[in-house]
Structure formats: structure tokens, C-alpha cells
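Undergrad: Protein chains in written order, with the working numbering: chain P, 293 to 348; chain B, 11 to 500.
The beta-carbon is built from N, C-alpha and C at its ideal position, and this holds for glycine as well.
The model shown is predicted, which means the values in this text are computed figures rather than measured ones.
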């Protein structure tokens with residue numbers, strides 16, 4: 293996962309996070325966005341069901 | 011013989027070639043001094059870079075105090091049956107704002123300044139291509155959106171702007187308490203915090219922003235582009251959301267619905283004031299960096315000069331003026347602390363250039379008009395539970411316009427844009443209208459769509475029962491309710 297050819301900090305001159313230069317950042321960003329949307333969908337369903345119980 | 015040689019050699023050398031020796035000494039000294047200067051410059055640059063990074067880093071926790079304040083303020087303004095759901099809503103607004111601002115809000119700030127052309131502006135730090143090179147969480151741009159040993163600015167700038175975004179969401183949050191659905195509210199918060207205000211900031215709070223370069227709009231402390239946008243976004247939502255049950259009588263007269271804890275509300279408002287020192291500090295561009303306007307002095311985001319001393323003078327005088335103005339006719343601590351906020355907001359556009367006594371007078375006037383403006387809105391059937399539309403929306407626009415009256419003739423921008431208009435009354439009016447529309451239109455349209463899909467307002471039965479029962483598996487004050495726990499000894 294080290295984004296440089298040699299496993300040494302002395303060669304690092306820029307980005308120093310896992311997956312730099314590969315597909316990981318984009319995939320992680322996409323998954324994080326999907327999580328946010330999914331949580332909203334689940335939250336909406338559960339809150340609506342709960343609220344209906346208070347209808348008279 | 012040995013001693014002779016040892017004694018003679020230095021003398022002989024110096025005697026035979028004094029110039030050569032002198033030149034070498036001078037050259038060596040110059041080289042040594044050059045190395046020392048380079049080392050000092052390097053050390054100075056490192057210190058300045060660390061200072062700049064720390065400066066913005068510290069604005070972030072200071073601005074989180076704003077959210078602690080909004081949390082206390084909203085929960086205190088809620089009735090007992092809604093206290094925790096108001097808190098949950100506020101926490102979620104913050105939590106969703108950060109990732110969505112990361113996903114697309116930051117890109118909008120850099121991509122939108124020149125308007126819908128998405129082209130590069132005069133300063134060369136805007137447009138779709140530029141934004142895509144620095145503000146996306148994938149591809150080459152990702153190097154500026156994560157840990158980078160050569161970039162000590164992007165993260166702290168992102169953090170400060172994300173907290174501005176979260177502030178807008180909190181402003182809207184207070185207005186809609188006690189009857190909004192959680193997810194509908196979060197969607198509105200994201201539209202406001204990661205889109206609407208960001209467009210306003212790109213247009214009016216960026217060296218390439220068209221409101222700045224074309225009209226000379228100046229809004230140093232974001233009275234219009236944060237407060238007014240958020241306040242009028244809230245108004246658009248409130249129109250579709252409707253008032254709380256019991257707020258208005260059949261004849262249209264309004265009932266006062268007091269929150270359950272006024273002291274908590276007032277302390278929350280004071281915390282917001284504390285946090286605003288961080289908010290306004292983050293509006294300053296420090297000197298000496300590659301991205302700074304100047305090597306030797308701080309500037310506003312427009313490249314015009316400012317000092318932290320200016321802010322200290324004017325913020326303090328504005329807070330005082332707002333409190334005093336609100337006290338004069340209300341005598342109510344809620345409105346007095348709202349007056350403090352109004353004092354800052356009414357002067358925020360020109361905190362960099364107001365004379366402190368003038369800032370006091372403007373803030374005092376804002377404190378006076380605050381309550382009548384809120385009452386006017388209430389008479390029109392708008393149930394703004396905490397006065398957010400007035401404090402942030404109306405007073406925000408008041409502040410933008412005030413600068414047009416008092417600050418006319420001051421250069422609005424200093425930098426690559428070349429000749430730009432000075433601050434002027436009509437320019438500030440144009441800015442105020444644009445900020446109003448950027449808030450109100452998205453707020454109204456998106457809340458209308460949410461209403462169509464049944465995602466805006468909580469069901470009537472749940473509202474009457476209390477939203478904590480529906481949304482939160484905990485009690486704010488369990489010992490006050492019928493289900494109060496008893497100790498084993500009892």
C-alpha cells in the first residue's frame with residue numbers, strides 16, 4: 293500500500309496516504325458517498341414507520 | 011630547523027601573497043554568510059508555514075464552538091418533549107455537512123467563481139479545470155485532498171470552509187425545530203451547506219468572483235454570503251414547512267411557545283459569539299506563503315489589508331452595540347444575546363475597515379430593529395422558532411447594504427483582476443439581492459419537492475406526542491417524566 297517504489301520516507305515528496313496513485317482514493321470516496329445516501333434511505337424508512345404509530 | 015619553518019611559514023605566506031589570502035578569506039566569509047542566510051530563510055519559511063497552518067487549524071475547533079452553541083441554543087429553545095430530537099438533528103447536520111462538502115462543496119467553491127461559464131478568472135485560481143485539479147477525491151486531484159508532506163494548506167483551508175458550511179446548516183436548523191423530519195432536514199442542510207452558500211462564496215468571496223470583479227461587492231465577514239443565504243434559505247423552508255401546532259390561533263394571532271430552558275439558550279448564544287472569533291479569524295489570509303496576497307501583512311480574502319487588531323476593535327464594539335440596542339426595548343436575555351449576534355452580523359461585511367464607534371452605532375441599530383423585524387415576520391404566519399430568519403437573514407442583508415453606505419470608495423479588491431470597482435452602494439445592493447435569491451430559491455424549491463414526497467413535516471400525531479418519542483431512544487430529563495427511574499432503595 294505504500295505509494296512509492298522504495299519503502300522509505302526519504303523518497304516521499306508529496307502525497308503520503310494509502311492508495312495514492314491508484315484506484316483506492318476514488319473507490320473509497322465513492323463508497324463513503326454511497327454510505328451517506330444509504331443511511332438517509334434507512335433513516336427515512338425507520339422514522340416514518342415509527343411516526344405512523346402515533347397516528348390516531 | 012623545524013621551529014624555524016613553523017615560525018616562518020605563516021609570515022612568508024602572508025607576505026608573499028596577501029591579496030590572494032584576503033580574497034580567499036572574503037570569499038569564504040561570503041560563502042559562510044550566504045549559507046547562514048539560506049539557513050535563516052529556510053528556518054523563517056518553516057516557521058511561517060507552521061504559523062500559517064496552525065492559524066487555520068485553530069480556527070476549526072473555535073468554529074466547532076459555534077456548533078456547541080447552536081446545539082445548546084436549539085435544545086434550550088425546544089420544549090421538553092422535543093429537546094433531544096432537536097439535538098440529534100443539529101448533530102446530524104454537522105456530520106453530513108463535512109463529507110458532502112468534501113465530495114462536492116469544495117469543488118464548487120473553486121469551480122464557480124466566474125459564474126456558470128466555469129472558466130478561469132483573472133487570478134487564475136478558479137474554473138472547472140482548476141477545481142478538478144485540486145478539489146476532487148479521486149485521480150491526481152486527490153493529492154490535495156489528503157495527507158501530503160508538501161501541502162500544509164489545503165487541509166486546513168478545507169476544514170475552515172467545511173465549518174463555514176456547517177454553520178449555515180445550523181442557522182437553518184434552529185428555525186425549523188419541533189416539526190421537521192430528520193432526513194428531509196438533512197437533505198435541506200446539504201443543499202444549503204454544500205451548494206447554495208458555496209455558490210454565494212464563489213461569486214462574492216473569491217478573488218475571481220464575478221460579484222467582486224464586476225460590481226465591487228465586499229463582504230469580509232460573510233454577512234450576506236453565509237448569514238443572509240442561510241437565513242433566507244430557512245425562510246423558504248418555513249413557508250413550506252408551516253408553523254408548529256398551536257403557534258397560531260384561528261384569528262391569525264400568534265402564541266409564544268417558550269423553550270424549556272432559557273439559561274441553556276442564552277449560554278448557547280454566548281458560545282456562538284465565542285466561536286465567531288474563529289469564524290472571522292478564518293476570513294483572514296496570513297502573509298508570507300506562496301498563496302498569500304502579501305509577504306509582510308495579512309489581508310482579507312479580497313487581498314485588501316486587514317489586521318487582527320481591526321477585528322478585535324470592531325467585533326467587541328459590535329457585540330456591545332447589539333446587546334445594548336436589543337436591551338433598550340426588549341429587556342429579554344434571549345433577544346439581548348440575539349442582539350449580540352446581530353451586532354456582529356450587521357458589521358461583518360466591513361469589520362476590516364469600520365471605525366469601532368461606527369461599528370457600535372450600526373450594531374446598536376441592528377439590535378433595535380431585530381425584534382420588530384421578527385414580529386413582522388410572525389404576523390405573516392411564519393413560525394421561526396429562534397428568530398434565525400431575522401437575525402441572520404434580515405440583519406445579514408442590512409449589514410451588506412450598510413457597508414455600501416459607509417464604505418463607498420474603498421477598493422473592493424486588490425490583485426490580479428486589475429481595475430475593479432470600489433465598494434459602492436449599488437454594488438452592495440446587487441450583492442444583497444443575489445445572496446437573498448441564492449438562499450431563498452433553493453430553500454423554497456427543495457423543501458417544496460420534499461413536501462410533495464411527504465418528507466418534510468413530521469406526522470401530526472408524532473408532533474403532538476413529542477418528537478423525542480419518535481426519533482430518540484433516550485430521555486433528556488428522565489427524572490422529570492412519568493417513567494422516572496427509582497433507586498433500588500425506594
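Are residue 356 of chain B and residue 376 of chain B close, meaning C-beta to C-beta below 8 Å?
TA: Yes, Cβ-Cβ distance for residue 356 of chain B and residue 376 of chain B is below 8 Å.
Undergrad: Would you say the segment 234–241 of chain B touches the segment 52–66 of chain B, given that touching needs at least three Cβ pairs under 8 Å?
TA: At 8 Å Cβ cutoff, the stretches do not touch.
Undergrad: Could you name the residues of the segment 465–484 of chain B whose beta carbon sits closer than 8 Å to any beta carbon of chain P, in the order they occur along the chain?
TA: Taking 8 Å as the Cβ-Cβ cut-off against chain P, the residues of the segment 465–484 of chain B that qualify are 465, 468, 469, 470, 471, 472, 474, 475, 479, 480, 481.
Undergrad: When you check each C-beta in the segment 298–310 of chain P against every C-beta of chain B, which residues fall closer than 8 Å?
TA: Result list: 304, 305, 306, 307, 308, 309.
Undergrad: Give me the chain P residues within the contact set of residue 56 of chain B, using Cβ-Cβ distance strictly less than 9 Å, ordered along the chain.
TA: Those within 9 Å of residue 56 of chain B in chain P number zero; the least Cβ separation is about 16 Å.
Undergrad: To which residues does DSSP link residue 309 of chain B through a beta bridge?
TA: Beta-bridge pairing links residue 309 of chain B to B:295, B:315.
Undergrad: Under 8 Å: do the segment 276–296 of chain B and the segment 199–206 of chain B share three or more Cβ pairs, one atom per stretch?
TA: The segment 276–296 of chain B is not in contact with the segment 199–206 of chain B.
Undergrad: Which runs of the beta strand (DSSP E) at least 3 residues long sit entirely within the segment 378–443 of chain B? Give them in chain order.
TA: None, since the segment 378–443 of chain B contains no complete beta strand (DSSP E) of that length.
Undergrad: Using a C-beta cutoff of 8 Å, does residue 294 of chain P count as contacting chain B?
TA: No, because no Cβ of chain B sits closer than 8 Å to the Cβ of residue 294 of chain P.
Undergrad: Among the candidates B:488, B:473, B:308, B:335, whose CA atom is the shortest distance from the CA of residue 10 of chain B?
TA: Residue numbering for chain B in the displayed model covers 11 to 500; residue 10 of chain B lies beyond these limits and cannot be assessed.
Undergrad: Is residue 117 of chain B close to chain P? Criterion is C-beta to C-beta, closer than 8 Å.
TA: No, its Cβ sits nowhere closer than 8 Å to a Cβ of chain P.
Undergrad: I believe residue 476 of chain B touches residue 91 of chain B by the beta-carbon criterion, under 8 Å. Please report the beta-carbon distance rounded to the nearest angstrom.
TA: The Cβ separation is near 3 Å, so the contact holds.
Undergrad: Comparing alpha-carbon positions, which option in B:49, B:102, B:262, B:332 lies nearest residue 177 of chain B?
TA: With distances taken between Cα atoms, residue 177 of chain B lies closest to B:102.
Undergrad: What would DSSP say about residue 337 of chain P, mapped onto helix, strand or coil?
TA: In this structure, residue 337 of chain P counts as helix in the three-state DSSP scheme.
Undergrad: Determine the chain P residues that contact residue 196 of chain B at a beta-carbon separation under 7 Å, and present them in chain order.
TA: Ordered by position in chain P, the residues that pass the 7 Å Cβ test against residue 196 of chain B are 332.
Undergrad: Beta carbon of residue 158 of chain B, beta carbon of residue 306 of chain P: below 8 Å?
TA: Taking 8 Å as the Cβ cut-off, residue 158 of chain B and residue 306 of chain P qualify as a contacting pair.
Undergrad: Does chain C have any CB closer than 8 Å to the CB of residue 120 of chain B?
TA: Here the protein chains are P and B, and chain C is not one of them.
Undergrad: What in chain P is Cβ-close to residue 310 of chain B, meaning under 8 Å?
TA: Here the premise fails: no neighbours, minimum Cβ distance about 30 Å.
Undergrad: Take residue 351 of chain B and list the residues in its own chain whose beta-carbon comes closer than 6 Å to its own, dropping the five residues that flank it on each side.
TA: Closer than 6 Å at Cβ, skipping near neighbours: 401.
Undergrad: Can you list the alpha helix (DSSP H) stretches of 4 or more residues lying completely in the segment 91–139 of chain B, in chain order?
TA: Qualifying alpha helix (DSSP H) stretches, in chain order: 93–110, 116–121.
Undergrad: Considering residue 158 of chain B, what are the terminal residues of the alpha helix (DSSP H) in which it resides?
TA: Element bounds for residue 158 of chain B: n/a, residue is neither H nor E.
Undergrad: Helix, strand or coil for residue 467 of chain B, going by three-state DSSP, please let me know.
TA: The answer is strand: DSSP assigns residue 467 of chain B an E or B state.
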